[in-house]
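Under our numbering, the first residue of the sequence shown carries the number 1, and numbering increases by one thereafter.
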Amino acid sequence: MDSVELDFGPRAAAFQQEARAWLDAHLVGEFAAHRGVGSPTDAEAWDVRLAWDRELAAGGWLGISWPEEYGGRGLGLLEDIVFSYEHARAGAPYRASTNGLDLLGPMLLAVGSPEQKERFLPRILGVRELWAQGFSEPGAGSDLASVRTRAVLDGDEWVIDGQKVWSTMAQAADWIYVLARTDPDSKRHKGLSMLLVPADQPGVEIRPIRNLAGQEEFAEVFFTGARTAADLVVGEVGQGWRTAMATLGIERGATLLPQQLTFEREADNLVAAAKQRSGELDPELRSRIAQAWMSVRIMRTTNLRTVGELLSGRTPGRQASIAKLYASQAHVRLGHVAAELAGPAGQIVEEGYALDIRQRAFLLSLAETIYGGTSQIQRNIIGEQVLGLPREPRP
Ligand SMILES: Cc1cc2nc3c(=O)[nH]c(=O)nc-3n(C[C@H](O)[C@H](O)[C@H](O)COP(=O)(O)OP(=O)(O)OC[C@H]3O[C@@H](n4cnc5c(N)ncnc54)[C@H](O)[C@@H]3O)c2cc1C
């Protein structure tokens with residue numbers, strides 16, 4: 001598939017060359033040995049990925065569009081997208097410190113206080129502090145407004161009690177941004193606040209959860225009288241819902257094309273494996289392989305359209321729901337076909353051996369229809385906001 005060359009236009013050409021040259025010079029040794037390793041939902045080679053993040057930080061390749069005063073380069077979204085694309089194209093290890101860089105950092109840039117920006121942003125960019133997101137709870141996932149974790153002001157500190165779940169790599173985090181109920185009498189979206197909570201303290205217990213691929217990638221987080229300073233609220237006290245929605249709404253434009261490349265490589269690998277199979281392929285399986293390949297191709301068009309909208313300064317909004325739903329479903333289909341092609345042997349992983357590319361596609365794609373808003377929730381949004389269907393009943 002002709003996936004590797006994308007022309008970002010004359011404005012980006014020099015920057016693209018600079019990025020390629022830097023990646024050629026630095027993606028060597030241990031980093032080169034870990035080409036293609038890692039994804040948003042796995043902890044594979046964590047230490048190497050973290051070391052790679054620090055290499056990127058030292059080279060000035062993190063926070064490309066962040067203001068220079070916080071250690072960024074002060075460039076635009078185009079440069080951010082170009083570097084992310086070149087990074088994935090070179091097969092560089094998947095970045096480890098994504099939560100702080102892609103979610104909390106932009107949230108602080110948008111609504112953080114000057115003190116919060118000064119204190120946290122340079123440490124995020126320098127990969128000196130790692131962050132985890134504490135939104136979901138056992139009774140509050142799709143229905144996030146049901147958050148029950150509560151925080152009470154005690155002098156100049158918040159005291160936090162409750163439980164979060166599925167927090168990606170919380171076990172490696174120095175800080176957690178926590179959506180908590182600060183008004184005990186409030187209901188649903190009202191009376192919530194976004195607190196920045198240090199993870200290393202007696203009141204915070206983090207229990208990793210093993211995922212389908214056998215890795216401890218996310219965790220349960222228990223808060224029992226945990227404490228944080230009164231001024232570590234992002235946005236206004238009681239306005240945490242608005243702050244959380246801003247985070248969830250942050251368009252991860254720079255990650256769309258890298259994700260596209262990953263899926264295209266998997267689709268290519270699938271077709272190559274099908275060609276190598278001795279004997280005839282079942283016609284039905286052959287047709288599903290072709291459909292999986294086509295889905296990834298269509299996804300590229302959808303993703304390029306979304307990136308185009310972002311670069312023109314528009315917020316893709318509903319288009320983002322359509323793209324998210326399509327990409328995750330397409331990846332699940334591709335993963336299923338890959339598993340079927342491998343047959344019973346595809347289910348075997350020997351102790352100590354890594355999963356192969358098709359086993360990973362099968363297992364890890366299953367999470368994509370859940371995180372970032374489940375497929376059912378995306379369909380609700382599309383049904384109501386794009387098609388104008390009657391509203392789903394709300395709890
Ligand atoms: C790999 C991974 C990483 C994650 N990382 C984080 C993280 O770092 N921080 C964090 O806070 N959370 C994280 N999450 C949690 C994620 O946000 C939730 O799993 C997700 O929002 C769904 O919530 P839930 O698991 O409680 O499922 P539920 O909301 O209980 O849903 C169960 C099922 O019911 C369906 N359903 C629910 N409501 C409706 C409705 N109104 N209409 C139709 N169907 C509905 C859902 O689609 C789903 O199929 C992660 C999840 C995964 C899988």
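Glycine included, each C-beta is placed from N, C-alpha and C at the ideal position. Keep in mind that this is a model prediction, so the values were computed, not measured.
When the five nearest sequence neighbours on each side are left out, the beta carbons in the same chain lying within less than 6 Å of the beta carbon of Ala244 are those of Leu179, in order along the chain.
Between the alpha carbons of Ala170 and Glu309 lies a distance of about 33 Å. The residues Gly253, Ala254, Leu257 and Val307, in chain order, have a CB closer than 7 Å to that of Ile81 in the same chain once the five nearest residues on each side in sequence are set aside. Considering only Ala199, Ser328, Gly335 and Ala339, the residue with the shortest C-alpha distance to Gln376 is Ser328. Ranked by Cα distance from Ser287, the options Leu334, Leu248 and Thr315 are led by Leu334.
Look at Tyr177 here: in three-state DSSP terms it is strand.
Remark: the C-beta of Glu236 is outside contact range of ligand 1, defined as less than 7 Å to any heavy atom.
Excluding sequence positions up to five before and after Leu212, its CB lies within less than 7 Å of the CB of Leu363 and Leu366, all in the same chain and listed in chain order. Under the 8 Å Cβ criterion, the stretch 79-97 counts as touching the stretch 15-24, having at least three qualifying pairs. Around the Cβ of Glu266, a 10 Å sphere holds 16 or more other Cβ atoms; the residue is buried.
Taking 8 Å as the cut-off, the Cβ atoms of Thr224 and Asp161 count as close. Gly71 and Gly63 do touch by the CB rule: their CB atoms are close to 6 Å apart, below 8 Å.
Annotation for Thr168: the continuous beta strand (DSSP E) segment containing it runs Glu157 to Thr168.
Between the stretch 90-98 and the stretch 34-45, the count of Cβ pairs shorter than 8 Å is three or higher; the stretches touch. Nearest Cα to Glu340 within the set Val296, Ile289 and Thr374: Ile289. A check of alpha carbon separations from Ile124 across Ala354, Glu68, Leu101 and Ile209 identifies Leu101 as the nearest. Contact annotation: the stretch 275-286 does not touch the stretch 128-137, with fewer than three C-beta pairs closer than 8 Å. For Glu44, the secondary structure class from DSSP, reduced to helix, strand or coil, is coil.
Remark: C-beta atoms of Asp42 and Gln215 approach each other more closely than 8 Å.
Residue state for Thr247 is assigned as helix, using DSSP reduced to three classes. Burial of Leu261 is indicated by the presence of at least 16 other C-beta atoms within 10 angstroms of its C-beta.
Under DSSP, Ala229 takes part in a beta bridge, and its partners are Glu157.
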